[in-house]
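Sequence order for the protein chains is A and B. In case it helps, the working numbering puts the first sequence at residues 1 to 719. In case it helps, the working numbering puts the second sequence at residues 1 to 719. Just so you know, even glycine gets a beta-carbon here, dropped at the ideal spot from N, CA and C. One structure is given here, and the rest of the page talks about it.
There are 2 protein chains.
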Amino acid sequence: MGKKGRVTLPTQEGMDKEIEKIIEKWGADAIRNSDGTQLSDGVKKLAEKVYATYFLTRSDQEWAKEHPDQLQQMYLMSNPSIAKENVLEIDIMDGYFTEQVTIDTNHDPKEWWEVVDRTSGEIIYKDNWEFNKNTGKVIINEVKKYHSYTVSFLVYQIWDATQMYNHITNDWGDKPHEMPYDVRHPETKEHILSALDNWCKESKDVDVVRFTTFFYHFTLVFNNYAKEKFVDWFGYSGSVSPLALEEFEKEKGYKLTPEDIIDEGYYNSPFRIPKKEFLDWLDFQQKFVSDTAKECVEIVHKHNKEAMMFLGDNWIGTEPYGKYFQNIGIDAVVGSVGNGTTMRMISDIPGVKYTEGRFLPYFFPDVFCKDGDPVGEANTNWLQARRAILRKPIDRMGYGGYLNLALEFPEFVERVEEICNEFREIHSHIKGTKAYTPTFKVAVLNSWGKLRTWMTNQVAHALWYKKIYSYVGLIEALSGMAVDVEFISFEDIKKDGIKEDIGVIINAGDEGTAWSGGNNWLDEVVVTKIRNWVNNGGGFIGIGEPTAYQNQGRYFQLADVLGVDKELGYSLSTDKYGFITKDHFILEDQTEELDFGESMKSIYGVSDSTQILAMQDGDTVLAVNTYGKGRSVYMAGLPYSPENSRLLLRSIYWAVGKENEIKKWYTTNVNTECTSYEEIGEFVIINNTNIIQETVVYKDENNYFNVILQPMESKWLDI
Amino acid sequence: MGKKGRVTLPTQEGMDKEIEKIIEKWGADAIRNSDGTQLSDGVKKLAEKVYATYFLTRSDQEWAKEHPDQLQQMYLMSNPSIAKENVLEIDIMDGYFTEQVTIDTNHDPKEWWEVVDRTSGEIIYKDNWEFNKNTGKVIINEVKKYHSYTVSFLVYQIWDATQMYNHITNDWGDKPHEMPYDVRHPETKEHILSALDNWCKESKDVDVVRFTTFFYHFTLVFNNYAKEKFVDWFGYSGSVSPLALEEFEKEKGYKLTPEDIIDEGYYNSPFRIPKKEFLDWLDFQQKFVSDTAKECVEIVHKHNKEAMMFLGDNWIGTEPYGKYFQNIGIDAVVGSVGNGTTMRMISDIPGVKYTEGRFLPYFFPDVFCKDGDPVGEANTNWLQARRAILRKPIDRMGYGGYLNLALEFPEFVERVEEICNEFREIHSHIKGTKAYTPTFKVAVLNSWGKLRTWMTNQVAHALWYKKIYSYVGLIEALSGMAVDVEFISFEDIKKDGIKEDIGVIINAGDEGTAWSGGNNWLDEVVVTKIRNWVNNGGGFIGIGEPTAYQNQGRYFQLADVLGVDKELGYSLSTDKYGFITKDHFILEDQTEELDFGESMKSIYGVSDSTQILAMQDGDTVLAVNTYGKGRSVYMAGLPYSPENSRLLLRSIYWAVGKENEIKKWYTTNVNTECTSYEEIGEFVIINNTNIIQETVVYKDENNYFNVILQPMESKWLDI
């Protein structure tokens, strides 16, 4: 295998010698500057390709200062205030960070703002409130006493969210705040494009323009203590402005209200079941962003450079799994590989020449310090990513941060060399061929479908939240599993039914969220199509509160399919019987105690065909059911672990009724996995832990052998 | 103190000598026959009063057999069935116990039954289904495929629920099944009344007619395995019949539908927020039951006997806390004392001459056996009841079951003697005077209010359920607490506001239940009145999911008052900050780890004034807030324990802002309590445990002393 290629190195000024050494050691063929560093000419010559980060909307702060009316905007909601007197004054900026945003006094509040009575849900007539520019307060006259009121108001963004975050986190002191300007203003757009053109002209050594990113940042709002107040990696709030809203009205033929953006203060988090208006907004912005980004890419191409997009920061509107993305014509996408899920989120992006993943840990002082464990973090990250890479690899890898920090940890430098070699080794084996998957596909069903491919149940890129880890584990398990995964929406089912090749549908999430689906489960087309499909042999897996919406005597609308329902208190009078079956196909590989994470209380069996496989503290946490020719599995949660990944795999095969086909490129030890590439006649067995593992490997049901794997080993064998 | 009186003894045939001894020993002044036993003349002379159980609706099985069309009835719902073909056949009795109920073929199904599409919620037009008497199946034509259907149908009750339960539990073999007949039929009513009259005439030795009970049994339905299928101690299902429904229509001016009774299969469990139609039904039946029971009582009185009612079994429609109860003119109520709550449920009944409690354990073989611990159970029962008795005593006590079993346990006989003596001692001290309470009242707020006084959050009389014990603990703590408690409804608040003497309002329960209140919290009158009241100094305590109904950006509609809300997933993007304060007035007496039972996940602070006092596994479980001049406390649950009872007491005093008044007849050790009777100049200190306890006792803030209490001791002292 080659000792060079597929690796991008972050660089630093004044370290040319060390960089040369490390390029050699890690086999890097590309180098890039990080935010805040510049490449020296010496260094630029060491690599085949030089990446340069480019910020489209904040490179020219002079422009920003000269055009304060063309800065990016945002709708914010004031804190809910209770009217205790006949007049209520609301300090709308209370709780917000005045260094990040400032009230928009250019646009008429009476036209663009909204005062809402949150007790009654009514919009307050505009003559009944006033905004006082001097005090920053909205005064509501003739309020209803003890009702709760909010003000939805417009601000300008006067500090770019990423620069603010880095500035505050790294204590950049009096380094100027960068203000983001809005490409939707024709004048600003022209300036952005010509600045890019000029920069390309001047940056002759740059081979790859790494857009970081395009125009609109995901929603990140700080509070009055300069700490994070709101973060939504998928959030479109930062793309909103009166100009955009006016153009929306022209394009879509109707007007959005502030509440369409404010959404009761939830700001259309992806956990909210998306309303038509918000989906229209997404469509509108995607179209605009893709058209404008395309113009940027064309400039880059004109200068014979490649255009790469960072999947993060100002990525809003690009939507790599949306219908406008490929229109941009971007050459490559790079993103952070936090785990297997985020790896697949990058590697599955359609229509780009190559993808690249930035591995963890970042070379930052929080890990590269006396008490830090950079090698341990690198191993954890690599093991989680590797199983996903073997399913569908990113084309390139890299690291980020300050190289000098990494160089102080020689063991880390060694370990990264091994990881880079192993990454290249994978590519040298599989040669772009497809890993073995069974004949059926697994579909993850939620309100978002394809648009949120590998992005379900998440708040911010790979961040842990107590409320989500028991669902994110599903996606993480799937990211490295020998099955093809599709993300489908309720709309897909309504329009197109359930496609032929789908063997198992999974619905996972808390009641009322976009992931579980909320009132989509009242749609008779959805429930009858799924019932019909399962009855005819389909497999259905529910996790947490699948199909949940209290109606007509059921909480799980497909309780009949799942064989379980959840007790809300209404049916305590009904006796629940149920005994535990411990012997079952889906439990055969389990050696540890079952772990359902946050789990789910009050689940109970509802049908004679329900088999309860596990109860915890009196609640059913694992159950299976048969339904006509089909089957279903219920799990109370699925945090990621090798055991749970196996539990899911077995559940999938059982649900689809193909238990006898599971022992194909299969290992008996849950801490190991096997991936086969039949086209090239090779297969690989991996150890997902950092201790020795022994396992039986099944080529098929009749051909198996024992193997011992060293810690983290990947063993390539000929079929 | 007297060594005799206030105690009722169960008797048995052929044990006259033993009975004489035990009457003497326990100081019994009344004896009664149990279900299935008869009193001998010898025994009858030993007591001042003789009770005899009387069953109004099943004493004459000849009558029942001769009038099968006048048996009691019931609406049942078939199992939900999924239509997988164009025609659906539903075996409506599937899952029911054919020995308990039989399909009513006398009344036209097309008029009285209902077939419901549970997928769409639509009622199926009556021409589109047929009932086949021979197969017991309903055939639905032209169904919508994969919709779910149920049939609401009428049955006759052919086995009295209590007799069935005892019969099956005690294996009574071929003892005939007793069928309950319906007093609503004029002919049957006349028969019931004249039979009672005759029986009174003949039963000259009987002083007290113990009605067990009146006409309608609480809902108790068995399944096809002769096991309990549905139990609701408050359920009115067994009071429904076409005759009653027709009379309802005449009286109330509109017709009930089967669905008003079936209620999606929840059968109007008290956890369901009661609909107007069901409340009207309750009113209608209460009126009828009270009128008819009154006639029975008058017959008893005519014979110079007392009329006593058992609070249980066929108690439906009596509603001791309802507006018609006192119309019955009953002399006494007797009920089972399962704990402090059920003790108060009996002792607080207004308008009767005396109340009586049947203590645990029953003299049944499950406890009175080799491995049983009758003394332990008696002690537990006594300690839980005693603290409630000291607040508001029942007038008499007694035991139930088979005396011969008890006599085999001499220690138990001794212990009961002590308990009887202590019970009489309490009465000899307090002489009907009122225990000390502070100037403010505590109100428990839910959908039922006064009607369910001491009956909140329960399924069946004092039975443990996983889903309720964390709420029932609230009521149990209050039952023995030095505060006056009122049960109020949302309607009360809407009509009358919050009464002057209420200091603290408590709302406790799961979202969507009658206890928490569901959509009552969308009522602007309710929320504004409570906000106003708290703002002006009221105290609000929320347990579990208080004020919960997802709307306008809030799950807890009074999140502003409570200072906390619950995360459903919509606001994960919003950062939650909060640190724990451990020093707080309400925690001062805690020595053990806090225990919130089933607890509540995803609770977080929403206001700067919120003080989080405890978190468990990352979730807020105890928090306090200030709101204007008022205060609030949030608890994630409150299972009963001495610690939690104290936590509640302190929360009440803190919420009402009277911390400086708590040390009045107060003990510092949570396992002890003090009750004072200022009118008689005495107070009592009790040890609620069976180990020695030491405590400081506060007469008031400046007068306190140390005391050591023996296990379970009650120590009476002069003020």
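The C-alpha of Y225/B lies about 24 Å from the C-alpha of S239/B. Along the region 256-267 of chain A, going in chain order, the ones with a CB nearer than 8 Å to a CB of chain B are E264, G265, Y266 and Y267. Going by C-alpha positions, L445/B is about 12 Å away from K494/B.
Under the Cβ criterion (8 Å, minimum of three pairs), the region 415-434 of chain B counts as touching the region 378-390 of chain B. About 5 Å separates the Cβ atoms of V564/A and Y634/A, confirming a contact at the 8 Å cut-off. The bridge partners DSSP lists for W129/A are I140/A.
Take the alpha-carbon of A435/B and the one of N268/A: they are about 56 Å apart. Look at I488/A here: in three-state DSSP terms it is strand. Within the region 106-127 of chain B, the residues whose Cβ lies closer than 9 Å to any Cβ of chain A are, in chain order, V116, D117, R118, T119, S120 and G121.
Nearest Cα to Y577/A within the set G95/B, K3/B, K17/B and S714/B: G95/B. Under the 10 Å beta carbon count, N86/B is surrounded by fewer than 16 other beta carbons and is classified as exposed. At the C-beta level, V534/B and V561/B come within 9 Å of one another. Per the Cβ contact rule, the region 461-479 of chain B is not in contact with the region 517-532 of chain B (fewer than 3 Cβ pairs under 8 Å). Restricted to the region 133-208 of chain A, the beta strand (DSSP E) segments that are unbroken, complete and at least 3 residues in length are 137-140 and 148-157, listed in chain order. Linking L405/A to F364/A through their CA atoms gives a straight-line distance of about 7 Å. The residues A388, W454 and S479, in chain order, have a CB closer than 6 Å to that of R344/A in the same chain once the five nearest residues on each side in sequence are set aside. Restricting attention to S651/B, D619/B and T574/B, the CA atom closest to the CA of E588/B is found in S651/B. Nearest in C-alpha terms to E264/A, of all of F579/B, R554/B, S290/B and D523/B, is R554/B. According to DSSP, residue pairing for R32/B in a beta bridge involves P10/B and Y51/B.
Membership of Y354/A in the beta strand (DSSP E) is indicated by the continuous run Y354 to R358.
Residues are counted here when their Cβ sits less than 9 Å from a Cβ of chain A; for the region 522-534 of chain B these are L522, E524, V527, T528, K529, I530, R531 and N532, given in chain order. The alpha helix (DSSP H) runs of length 4 or more contained entirely in the region 400-441 of chain B are, from start to end of the chain, 403-407 and 410-430. Across the set E592/A, E511/A, F585/A and N314/A, the C-alpha of E511/A shows the shortest separation from the C-alpha of K566/A.
The CB of V231/B comes closer than 8 Å to the CB of S573 and D575 in chain A, given here in chain order. Secondary structure at T626/B: strand, using DSSP grouped into helix, strand and coil. At a cut-off of 9 Å between C-beta atoms, V697/A does not count as an interface residue with respect to chain B. When the alpha-carbon of K175/A is set against those of D182/A, M164/A, V183/A and Y181/A, the nearest one is in M164/A. Inter-residue distance for V231/B and D313/B is about 11 Å (C-alpha atoms, whole angstroms). Within chain B, the C-beta atoms nearer than 7 Å to that of F271/A come from G569, Y570 and L572, in chain order. Taking 9 Å as the cut-off, the Cβ atoms of I349/A and P320/A count as close. Residue contact with chain A for G553/B: present (Cβ-Cβ distance below 9 Å to some residue of chain A). When 9 Å is used as the limit between beta carbons, E178/B is near no residue of chain A, the shortest such separation being about 23 Å. Bounds of any alpha helix (DSSP H) do not take in G605/B; it lies within the beta strand (DSSP E) bounded by I603 to G605.
Every beta strand (DSSP E) stretch that sits fully inside the region 207-246 of chain B and reaches 3 residues is listed by chain position as 208-211, 219-222 and 228-232. In this structure, L56/A lies near V183/A, with their beta-carbon atoms less than 9 Å apart. By the criterion of a C-beta distance shorter than 6 Å, D700/A is surrounded in its chain by K664, once the five residues flanking it on both sides are discounted.
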